[in-house]
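Comments concern the structure below.
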Amino acid sequence: MKLIEWTMEEQEQLIEFMTTNVWPYHINSHPVRELIEKTIDEGGYESDESKTFWLVNDEDIQVGMVKIYDLQDDIPLFDLRIGEKWRGHGYGTKALRLVSEYVFSLPGNKIRLEGHTRQDNIAMRKTFENAGFVKEAHLRKAWYVPKEDDYYDAITYGITRQDYLEGKTTPVSWDDEGKSDEVDYKETWDFDDSFESERLIIRMPRMQDADAVWEAISYSAKTLKPFMEWAQQAPKKEETKENIREAIANFIARKDLRLHVFLKDGGQYIGSTGLHNINWQIPKFEIGYWLDMRYEGKGYMTEAVQRIVQFAFEELGANRLEIRCDSDNTRSRAVASRAGFELEGIMKQDSFSADGKSLRDTCVYAKIHPSRLS
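Residue numbers (the working numbering): 4 to 377.
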């Protein structure tokens, strides 16, 4: 991998990169063109204080970018971004090593290099550690997310000039080491984003799915509309794309785990499912699903749900799984029964109908991890 310095002639390329990828752990997860243009005009990407580089892999493909700023200070900072398509390939660690090499070769003998991330950004925290950075601070409720109007804990990582030159890592001595009650997210948040059943491929959404998803929803509007609030109006392609962007961001942030379902034989997209209304403390999840009507009656969704149950119990440590549906949704209820879920109750007048015009009864099906059953 190598760093290739960005130039002002590449404004459109930078704008496209920033606006067509989702950045779930940044303050602005969906930056718009106007914001990028303003930052460029103000010297935010190229000035005496800031330098921006493309990250180019060994096949000469641009896989990301990094902005290094506060270059006039003894302690520069950086903003590293890997494109959605290239995440999970180890490029972040390679990029950080190149950034360290660049900073510590600058005139003036920079003292240290540091970066910050949200506590729940496990992928970035691993990247820091793999590149020789050390956790130096845990700032409680210091990372504000305007879209959620909420605060997250922030983590600071740093690497000193001395450690970099000597090729070593010097850990910080914490007074409360070994006594922290911080949740170890690594135990439950590290899992594959794709798995298979006998006939299906079940995976995290990708932007290239947008056309297939839009077409399936459009074709199946008649069967989706009675029970799906989001299916009341004919979908627009741009709305479908934006919805998938949000789903990708939520999946990466582990807030909601939408899963797209494809046939192994032929690769056709046939519907969506996933794990929703997540409570990681228990942990428990609600399984939702819908199927393209052209693929009904073949047992595909039952197979998908059974595989997701296995995934949730074995990989996520789930204690409880639920399926909730309108009492008149006979197809959904049949899937729950065939997948081995128990009807725990019917909540009378519990929710509005999909069109919002009447009150409906909700069936609650559940499955408990076998080891927790008394």
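Glycine included, C-beta positions come from ideal geometry on N, C-alpha and C.
Tell me the residue span of the alpha helix (DSSP H) that contains residue i.
{"i": "Leu99", "result": "94–107"}
{"i": "Met21", "result": "14–23"}
{"i": "Trp217", "result": "213–222"}
{"i": "Met127", "result": "125–133"}
{"i": "Arg36", "result": "36–44"}
{"i": "Phe194", "result": "Premise fails: Phe194 is in no alpha helix (DSSP H) and is neither H nor E."}
{"i": "Tyr167", "result": "164–169"}
{"i": "Glu289", "result": "Note, Glu289: premise wrong, no alpha helix (DSSP H); beta strand (DSSP E) at 287–294."}
{"i": "Ile247", "result": "240–255"}
{"i": "Ala140", "result": "No alpha helix (DSSP H) holds Ala140; the beta strand (DSSP E) holding it covers 137–148."}
{"i": "Ser340", "result": "333–341"}
Give me the residue from the options with the minimum Cα distance to residue i.
{"i": "Asn282", "options": "Phe198, Ile85, Gly320, Gly270", "result": "Gly320"}
{"i": "His29", "options": "Pro149, Trp233, Leu6", "result": "Pro149"}
{"i": "Ala342", "options": "Gln284, Tyr303, Ser330", "result": "Tyr303"}
{"i": "Lys144", "options": "Glu132, Thr55, Ile158", "result": "Ile158"}
{"i": "Leu266", "options": "Lys258, Asp295, Ile85, Asn332", "result": "Asp295"}
{"i": "Gln122", "options": "Arg363, His141, Pro79", "result": "His141"}
{"i": "Lys240", "options": "Glu62, Lys258, Asp212, Ile311", "result": "Asp212"}
{"i": "Leu6", "options": "Glu40, Val102, Thr42, Met21", "result": "Val102"}
{"i": "Arg128", "options": "Glu169, Leu99, Ser108", "result": "Leu99"}
{"i": "Thr173", "options": "Asp153, Glu199, Pro208, Glu132", "result": "Glu132"}
{"i": "Tyr154", "options": "Glu139, Thr120, Lys138, Val137", "result": "Thr120"}
{"i": "Phe230", "options": "Ser340, Leu83, Ser330, Asp76", "result": "Ser330"}
{"i": "Glu117", "options": "Leu83, Arg248, Phe355", "result": "Leu83"}
{"i": "Gln16", "options": "Gly67, Arg90, Leu362, Lys54", "result": "Gly67"}
{"i": "Arg248", "options": "Thr10, Pro27, Lys138", "result": "Pro27"}
{"i": "Glu232", "options": "His263, Phe355, Arg375", "result": "Phe355"}
{"i": "Ser221", "options": "Asp268, Ile349, Glu242", "result": "Glu242"}
{"i": "Ser108", "options": "Asp77, Lys138, Phe136", "result": "Asp77"}
{"i": "Arg164", "options": "Asn332, Val367, Asp259, Val137", "result": "Val137"}
{"i": "Trp293", "options": "Lys301, Arg261, Gly274", "result": "Gly274"}
Taking just the CA atoms, how far does residue j sit from residue i?
{"i": "Ala134", "j": "Glu347", "result": "50 Å"}
{"i": "Asn246", "j": "Tyr160", "result": "33 Å"}
{"i": "Glu87", "j": "Lys351", "result": "43 Å"}
{"i": "Ile162", "j": "Leu74", "result": "16 Å"}
{"i": "Glu52", "j": "Tyr72", "result": "5 Å"}
{"i": "His372", "j": "Asn322", "result": "5 Å"}
{"i": "Glu345", "j": "Cys328", "result": "13 Å"}
{"i": "Gln309", "j": "Glu201", "result": "11 Å"}
{"i": "Met4", "j": "Tyr105", "result": "13 Å"}
{"i": "Thr365", "j": "Lys41", "result": "49 Å"}
{"i": "Asn24", "j": "Glu151", "result": "19 Å"}
{"i": "Pro110", "j": "Gly170", "result": "20 Å"}
{"i": "Leu203", "j": "Asn60", "result": "32 Å"}
{"i": "Ser183", "j": "Glu317", "result": "Any reading at Ser183 needs caution, since the residue's pLDDT is 46, under 50, leaving its predicted position unreliable; the model's value is listed next. Roughly 27 Å separates the two Cα atoms."}
{"i": "Asp353", "j": "Leu362", "result": "7 Å"}
{"i": "Ala339", "j": "Gln313", "result": "14 Å"}
{"i": "Lys189", "j": "Lys360", "result": "For Lys189, the predicted structure reports a pLDDT of 43, less than 50, and the residue's modelled location is therefore unreliable. A value from the coordinates is still provided. Approximately 44 Å, taken between the alpha carbons."}
{"i": "Ala357", "j": "Arg257", "result": "27 Å"}
{"i": "Ala369", "j": "Ile326", "result": "6 Å"}
{"i": "Glu389", "j": "Ile85", "result": "It is not possible to answer for residue 389, since the shown part of the chain is limited to 4 through 377."}
{"i": "Ile114", "j": "Asp156", "result": "26 Å"}
{"i": "Ala337", "j": "Phe56", "result": "54 Å"}
{"i": "Asp196", "j": "Asp166", "result": "35 Å"}
{"i": "Met21", "j": "Gln14", "result": "11 Å"}
{"i": "Gly91", "j": "Arg209", "result": "14 Å"}
{"i": "Asp187", "j": "Ser374", "result": "The predicted model places Asp187 with a pLDDT of 48, which falls under 50 and marks its position as unreliable, so this point remains unresolved."}
{"i": "Glu180", "j": "Trp146", "result": "With a pLDDT of 47 at Glu180, under the threshold of 50, the modelled position of that residue is not reliable, and the figure given next carries that caveat. C-alpha separation (whole angstroms): 23 Å."}
{"i": "Thr333", "j": "Thr226", "result": "12 Å"}
What is the residue span of the beta strand (DSSP E) that residue i lies within?
{"i": "Asp364", "result": "362–371"}
{"i": "Leu319", "result": "Run containing Leu319: none; DSSP gives neither H nor E here."}
{"i": "Ser275", "result": "272–282"}
{"i": "Lys70", "result": "65–72"}
{"i": "Met350", "result": "345–355"}
{"i": "Thr55", "result": "54–59"}
{"i": "Ile7", "result": "5–8"}
{"i": "His119", "result": "115–121"}
{"i": "Phe81", "result": "80–85"}
{"i": "Ile205", "result": "203–206"}
{"i": "His263", "result": "260–266"}
Hey, is residue i's beta-carbon within less than 8 Å of any beta-carbon in chain B?
{"i": "Lys70", "result": "Included in the structure is just one protein chain, with no chain B present."}
Can you tell me the Cβ-Cβ gap for residue i and residue j, rounded? I've got them flagged as a contact below 8 Å.
{"i": "Val69", "j": "Leu80", "result": "The Cβ separation is near 11 Å, so there is no contact."}
{"i": "Ile39", "j": "Ile18", "result": "5 Å"}
{"i": "Ala315", "j": "Ile205", "result": "In fact, because the Cβ distance is near 12 Å, the residues do not count as touching under 8 Å."}
{"i": "Gln235", "j": "Lys244", "result": "With a Cβ gap of about 19 Å, Gln235 and Lys244 do not count as contacting."}
{"i": "Ala215", "j": "Tyr298", "result": "About 12 Å; that fails the 8 Å criterion."}
{"i": "Ala237", "j": "Ala224", "result": "7 Å"}
{"i": "Asp193", "j": "Ile285", "result": "Going by Cβ atoms, the distance from Asp193 to Ile285 rounds to 19 Å, so no, they are not a contact pair."}
TODO: Determine contact between the segment 43–50 and the segment 94–113, defined as no fewer than three beta-carbon pairs at a distance below 8 Å.
DONE: Contact fails: fewer than three Cβ-Cβ distances are below 8 Å.
Task: the segment 25–40 in contact with the segment 239–254 per 3-pair CB rule at 8 Å - done: The segment 25–40 vs the segment 239–254: in contact.
Task: the segment 269–279 / the segment 289–296 touching (three or more Cβ pairs under 8 Å) - done: Yes, they touch.
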